[in-house]
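Chemist: Chains as they are written, first to last, in our numbering: chain A, 1 to 345; chain B, 346 to 690; chain C, 691 to 1035; chain D, 1036 to 1380. The structure that follows is given in the form of structure tokens.
Number of protein chains: 4
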Amino acid sequence: MAYRAAVVGGSGYTGAELLRLTAAHPELDTVHVTAESNAGTVVADLYPSLAGAYGAMAFEPLDVAALDGLDVAFLALPHGESQRLVPDLVGRVGRVVDLGADFRLPAGAYEQWYGTDHGAPELLDEFAYGLPELFRPDLCSHRHVAAPGCYPTAAALALAPLLSHALVEPTGIVVDAMSGVSGRGRGLSAPSLYGEANETVTPYGLLTHRHTGEIEHALSRVAGGAVQVLFTPHLVPMTRGILATCHARPAVDGLSTATLLDAYHDAYGAEPFVVVTEAPPTTKATLGANSAHVTVRFDERTGSVLALAAIDNLVKGASGQALQALNAVLELPETTGLSAIGLVP
Amino acid sequence: MAYRAAVVGGSGYTGAELLRLTAAHPELDTVHVTAESNAGTVVADLYPSLAGAYGAMAFEPLDVAALDGLDVAFLALPHGESQRLVPDLVGRVGRVVDLGADFRLPAGAYEQWYGTDHGAPELLDEFAYGLPELFRPDLCSHRHVAAPGCYPTAAALALAPLLSHALVEPTGIVVDAMSGVSGRGRGLSAPSLYGEANETVTPYGLLTHRHTGEIEHALSRVAGGAVQVLFTPHLVPMTRGILATCHARPAVDGLSTATLLDAYHDAYGAEPFVVVTEAPPTTKATLGANSAHVTVRFDERTGSVLALAAIDNLVKGASGQALQALNAVLELPETTGLSAIGLVP
Amino acid sequence: MAYRAAVVGGSGYTGAELLRLTAAHPELDTVHVTAESNAGTVVADLYPSLAGAYGAMAFEPLDVAALDGLDVAFLALPHGESQRLVPDLVGRVGRVVDLGADFRLPAGAYEQWYGTDHGAPELLDEFAYGLPELFRPDLCSHRHVAAPGCYPTAAALALAPLLSHALVEPTGIVVDAMSGVSGRGRGLSAPSLYGEANETVTPYGLLTHRHTGEIEHALSRVAGGAVQVLFTPHLVPMTRGILATCHARPAVDGLSTATLLDAYHDAYGAEPFVVVTEAPPTTKATLGANSAHVTVRFDERTGSVLALAAIDNLVKGASGQALQALNAVLELPETTGLSAIGLVP
Amino acid sequence: MAYRAAVVGGSGYTGAELLRLTAAHPELDTVHVTAESNAGTVVADLYPSLAGAYGAMAFEPLDVAALDGLDVAFLALPHGESQRLVPDLVGRVGRVVDLGADFRLPAGAYEQWYGTDHGAPELLDEFAYGLPELFRPDLCSHRHVAAPGCYPTAAALALAPLLSHALVEPTGIVVDAMSGVSGRGRGLSAPSLYGEANETVTPYGLLTHRHTGEIEHALSRVAGGAVQVLFTPHLVPMTRGILATCHARPAVDGLSTATLLDAYHDAYGAEPFVVVTEAPPTTKATLGANSAHVTVRFDERTGSVLALAAIDNLVKGASGQALQALNAVLELPETTGLSAIGLVP
């Protein structure tokens, strides 16, 4: 018997990706999909790619009562909207999986980085931060899931084995990350135009990108103490993919690339979705897949550590990881309905 | 019990795509993969995207004896090599699925378009032309499969309903097609370089592209008489996808877009991989999927018919269709292991 | 002494391209630039690429009186706005160069294709259709210029030598054209988003694209009689460039590729901006340049003519050609301030 | 009277870019162009974009005697070849401008990073390192020019104002840079294929990229003491452009973004090709231009400095800067024949 699910906010890119992925999930049946501006539109008219899976299903306006009794509600909403919806929703559906930023941070950190009070702080504890490779036990002990952000997923997977073993200093960490343009979503704005985003690298959010807080929070939990990161994102001309190039200073003597790679193999060897590579990872290897490819180096010359991770921002960085985490809270095998094979070339 | 398969020529793009697709096929077990120049290389080193599926499997040099007793041999070889290999191979394996051009045409047409005698003309009759939507009965009556070319698949699916009902003249047909650069394969050549292929449209093979013969042959079978096509391919800056824009002159009175769309729905309504669209099809809707999206128009002003089809050249245009046809010859459901959902955005 | 010019509607892509090109024009001094939504913005803040040329110049709201006495006003406005502005403007400035569609067609054809009456039909005769290679004499006998559309420029240059000598039939002509996404302008709309336009071919405007009327009008003048064209545009994932692939049926016996190439060399041999190529033209060869590359073939097998042209849609297809035509009306050398060299790779 | 120049190695991307740029240079007349593998090919056949400038000129095999008496020889050769050619060449031509790495480093550093003895160490002192903004006086005192590498140009311009005033520590500097694929040149190799480079970020040369030595050497000269950098390059899917994102630790108290921007304006305010921006620079703003766009930030939260620079790798990062430096040694205005305006969109 399949779990019955709704996708709330299904017309954006993470919503559409949920529709693509849940169509291939043998235990989920997506019976309802909402969208505000596209309400009334047939899903396959907006996304012809989904024609084979959703027939005549149309986007509906959001009516919370229509979700009553569903097993799962995925929320793929603009940041800030989930916290308004969730207090009403948690009594109606079995599980909420929020793909926005609203339930990822403690109230204080949320307010620091988002510049506003949280609207439902009493519900924060009901949400596990859904990054299974680092916080799997949380998924057994929580009912709902806050799916991590795209950049934090890449940065945390790249750096976690270093910080969990205190191999590097918790300050002075640098994360330079490059993202495909789909990370900006499907909203209309000049920087998302083809003519603006093509054939250029665009750094943005210098010093202040909100994912900084989420990266620091996730890594601080891993490290067992405060971690400080300078995070600089760049848009690069591709649709999907994030590469995080991370720098840290050693906290112990005697590091080498070989010992670091061993530590990464130890950390991730049993993970079905993390591939530790000898060669530098590329985002293309993860295209359309729920995988993360990571590697690490110790530079003897400058005495510093370099760690890199590649993901598909819409899969492991959003909708795929949401599904992986849902699998975990539903006690299904985490790999159910998810592939680790990328679309290459 | 799974069928045991080999991919011969697995290091090129159609070979790698076979590895991606067969990894998700529940009835196929790829136990052997060969490659000449990459023999000895671990599959996942050349294609890290496949790390999750092929573990330590390495490309091996081709040794026909090593294929003895396999159920299936996919051949993803440069044009001309299959006809040298197949005479030896047919006695050793259950089914040959050739992705090259060697077994697609009758001997005469082969010699006309490829400029050389065919090396194994006596085996041509053992191969079905594996375009199930148009020639499904062949797949029940043949042991081996010649998977169609990418452009011919798009052009034939776009035009077949017009020609099967003699709605258009069999001469004066124009096919202008645009292909992603992966259609050139993984071989090293200047036009395949990023710096040459990016940010440009490159028409090529004017008047003489070999797929012309295959398009004409397939459509002549559909029409029950000689069809003549002027085919002009263009490289466009994307990795995957083919769009075929086709023009024909009406052979009957009273055509309209509505009646033509009805004819297309009649022809393809039961096909799991063909979507007849009202809106113009885009290649992206088929990315990574075995689907074809087609539409048709009648232009009252100029009195002409316009038909368009979009596919992923490496899936419906190559490896996916090969698998679909193999499913048919093995009497498995044609959709086994194949998805009609595209990767969007 | 330089001519003093204004760019009206300078914040869109053709406007910005005018600013780029006029900065390199030794006889033009752009002293005023307007933009509605971006009024008040410093030009170099919106277009940092222009920082070296425009210093602190800012976009201003349009105030027609501020243009009084200027030698030249370029209009780079949304279609329909020029005809409202021009009646007031022609008495204030020396020359109007309109890059929109408002003054390209006779009133009847305008109304047919644009579905509305023309707002200033009495002024149509004051505008030359600014395609110098085909209608150069017009530029001596008119005061103002209607710069041609991008697709019409490519299609007309590709087909004109065939029609001017009645080598092909004036009906049954097919133009399949591919354009970079900048052709859609800088306005916010979903199809212009990177995530929608990247890695896909998007046919659009099937049967009804307004440039059909302009192509037919230009070629009818060349042919000296009515020409009918079926024009199908496609967006391809690149920023700039148009390739027009054109098909026509011979009207005379004895055509060959050699004789057709001779005719093209005769037609264009003295033109500084048209290159007749043996090899198929590519859009990249014209990137950033005012050049058009054209070739032609006669297909003996199907008895049809194939002609191709490549241009940069923003230069020869818009702002560059506008400048070339202005040079002509000002009796400057047509090449003044314009380059025929493309940016490759 | 124009200087007569040759381009040696004119068929690669930096060579073709020299041909593009010198065609627009009023004081240079390129009378000779060599290429090994393309000898005999007409320049405009290989690069149709240059058809308007080079007529029937063909690539010739290299014959040093044929260069006798020329005023300038540009060398656009694979690394290592210049040092074999230059000893013979310096007595034959007035000025050598080498675009390779052979004459950029002192012999010791060359041997460290290139792993081989230098073939002409006695000539190193005759070459100025042609980065005019940082080492202009050298250009008055040397006869020949070693044009800087692409990554070093971007990194050095980003970081120089910090190091020249000892505002940051000379160690612990991180440079993460992203380059378009043309940086790999026109040689045939798998990573340069469109199918490999498109839609992906590819880090490479981890810890060991040879430009590290050049970055350190240039910045050490600026700082007046040893500078140590960890440099990590990434290929991103665009043809041209480099963005360098650089991190350094303050060496003084009281830094702020405002004071740092002031320092950059002081350093570069009189430079015609360097634009200090408030907003993050993008590579597209420099496309086809000899400009560099730079900005800087002080992050109070983490106490670190972030500096960014964007260039076109083939212009300011190669052929344009070579021309700028040649202008300087010839005592022409540095801007002669060079534009600071980028091709946008």
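Every residue, glycine too, gets a C-beta built ideally from N, C-alpha and C.
What residues match up with A/I173 in a beta bridge as DSSP calls it?
Modeler: DSSP, once it has assigned bridges, lists A/V229 as partnering A/I173.
Chemist: Give a yes or no on whether 7 Å exceeds the smallest Cβ distance from D/H1282 to chain A.
Modeler: D/H1282 counts as touching chain A.
Chemist: Locate the alpha helix (DSSP H) running through A/F135, then write down its first and last residues.
Modeler: Note, A/F135: alpha helix (DSSP H), P132 to S141.
Chemist: Which residue marks the beginning of the beta strand (DSSP E) containing B/I656, and which one marks its end?
Modeler: Residues S649 to I656.
Chemist: Can you give me, in chain order, the residues of the region 620-647 of chain B that have a beta carbon less than 7 Å from any beta carbon in chain D?
Modeler: Here the close residues number zero.
Chemist: Considering Cα atoms alone, identify which of B/T680, B/H370 and B/L552 is closest to C/G993.
Modeler: With distances taken between Cα atoms, C/G993 lies closest to B/L552.
Chemist: Would you list the residues sitting across from C/P893 in a DSSP beta bridge?
Modeler: Answer by DSSP bridge pairing, in chain order: C/H924.
Chemist: In chain D, which residues lie less than 9 Å from C/G742 when you measure between Cβ atoms?
Modeler: In chain order: P1307, F1308, V1310, A1324, S1326, S1374, A1375, I1376 and G1377.
Chemist: Short of 7 Å Cβ to Cβ, which residues in the region 172-190 of chain A face chain D?
Modeler: Going along the region 172-190 of chain A in chain order, one finds V174, D176 and M178 with a Cβ nearer than 7 Å to chain D.
Chemist: So, are the CB atoms of A/D262 and D/L1265 less than 7 Å apart?
Modeler: Not closer than 7 Å, so no.
Chemist: If we count the other Cβ atoms within 10 Å of its Cβ and call it buried at 16 or more, is C/G903 buried or exposed?
Modeler: Its Cβ being crowded by 16 or more others within 10 Å, C/G903 is buried.
Chemist: Using the Cα positions of D/F1170 and C/P822, report the straight-line distance between them to the nearest angstrom.
Modeler: Roughly 48 Å between the two C-alpha positions.
Chemist: Since I believe D/G1377 is in contact with D/S1326 (beta carbons under 8 Å), could you give me their beta-carbon distance rounded to a whole number of angstroms?
Modeler: So it is a contact: roughly 7 Å between Cβ atoms.
Chemist: Which residues of chain D have a Cβ atom closer than 9 Å to the Cβ of A/F308, listed in chain order?
Modeler: Note that residue 308 of chain A corresponds to Leu in the displayed sequence, not to Phe. Ordered by position in chain D, the residues that pass the 9 Å Cβ test against A/L308 are P1238, L1241 and T1267.
Chemist: Give the range of the beta strand (DSSP E) segment to which B/I314 is assigned.
Modeler: An answer regarding residue 314 of chain B cannot be provided, because it is not within the stretch 346 to 690 covered by chain B.
Chemist: Could you give the residue range of the beta strand (DSSP E) that holds B/Y474?
Modeler: Per DSSP, B/Y474 belongs to the beta strand (DSSP E) from F472 to Y474.
Chemist: Less than 7 Å between C-beta atoms, sequence neighbours within five positions excluded: which residues of the same chain meet that for B/Y358?
Modeler: Correct list, in chain order: S527, G530, R531 and L659.
Chemist: Decide if the region 1006-1023 of chain C is in contact with the region 828-841 of chain C; the criterion is three or more beta carbon pairs, one per stretch, under 8 Å apart.
Modeler: Yes: the two stretches touch, three or more of their Cβ pairs being nearer than 8 Å.
Chemist: Determine, using beta carbons only, whether D/P1083 comes closer than 7 Å to chain C.
Modeler: Yes, D/P1083 counts as interfacial toward chain C.
Chemist: Touching or not, the region 694-710 of chain C and the region 755-764 of chain C, by the rule of three or more beta carbon pairs under 8 Å?
Modeler: With a cut-off of 8 Å, the region 755-764 of chain C and the region 694-710 of chain C count as touching, because enough Cβ pairs lie within range.
Chemist: Starting from A/R84, trace the alpha helix (DSSP H) in both directions and tell me its first and last residue.
Modeler: A/R84 -> alpha helix (DSSP H) spans S82 to L89.
Chemist: Pairs of beta-carbons, one from the region 964-977 of chain C and one from the region 931-946 of chain C, closer than 8 Å: are there three or more?
Modeler: At 8 Å Cβ cutoff, the stretches touch.
Chemist: Which residues of the region 1289-1300 of chain D have a Cβ closer than 8 Å to any Cβ of chain C? Give them in chain order.
Modeler: Within the region 1289-1300 of chain D, no residue qualifies.
Chemist: Are the region 715-730 of chain C and the region 1299-1307 of chain D in contact at 8 Å, needing three or more beta carbon pairs?
Modeler: These segments do not touch.
Chemist: Could you check how far apart the C-beta atoms of A/D102 and A/V64 are, in whole angstroms? I think they sit under 8 Å.
Modeler: With a Cβ gap of about 16 Å, A/D102 and A/V64 do not count as contacting.
Chemist: With a threshold of 7 Å between beta carbons, is A/Y194 in contact with chain B?
Modeler: Output row for A/Y194: interface = no.
Chemist: With DSSP run on the structure shown, which of helix, strand or coil describes D/T1370?
Modeler: Coil, per DSSP.
Chemist: To test your reading of the DSSP string, which unbroken beta strand (DSSP E) runs of 3 or more residues are found completely within the region 11-78 of chain A?
Modeler: Runs of the beta strand (DSSP E) inside the region 11-78 of chain A: 28-34 and 72-75.
Chemist: Kindly give me the distance between the Cβ atoms of A/P233 and A/G205, rounded to whole angstroms, as I take these residues to be in contact under 8 Å.
Modeler: Yes, A/P233 and A/G205 are in contact; Cβ-Cβ is about 6 Å, under 8 Å.
Chemist: State yes or no: is the beta carbon of D/T1235 nearer than 7 Å to at least one beta carbon in chain A?
Modeler: Cβ-Cβ to chain A under 7 Å: yes for D/T1235.
Chemist: Does the Cβ-Cβ distance between C/L711 and C/L998 come in under 7 Å?
Modeler: Contact flag unset, no.
Chemist: Check for me: the alpha helix (DSSP H) holding C/T985 runs from which residue to which?
Modeler: Here C/T985 belongs to no alpha helix (DSSP H); instead the beta strand (DSSP E) covers A982 to D989.
Chemist: I need the DSSP call for A/A6, collapsed to helix, strand or coil.
Modeler: Looking at A/A6 - three-state DSSP - the assignment turns out to be strand.
Chemist: Given C/M868, which residues of its chain have a CB within under 6 Å of its CB, disregarding the five upstream and five downstream residues?
Modeler: H924, V926 and L933.
Chemist: Output the boundary residues of the beta strand (DSSP E) element that contains B/D443.
Modeler: Per DSSP, B/D443 belongs to the beta strand (DSSP E) from R440 to D443.
Chemist: Is there a C-beta anywhere in chain B that falls below 7 Å from the one on C/Q1014?
Modeler: By this cut-off, C/Q1014 is not an interface position.
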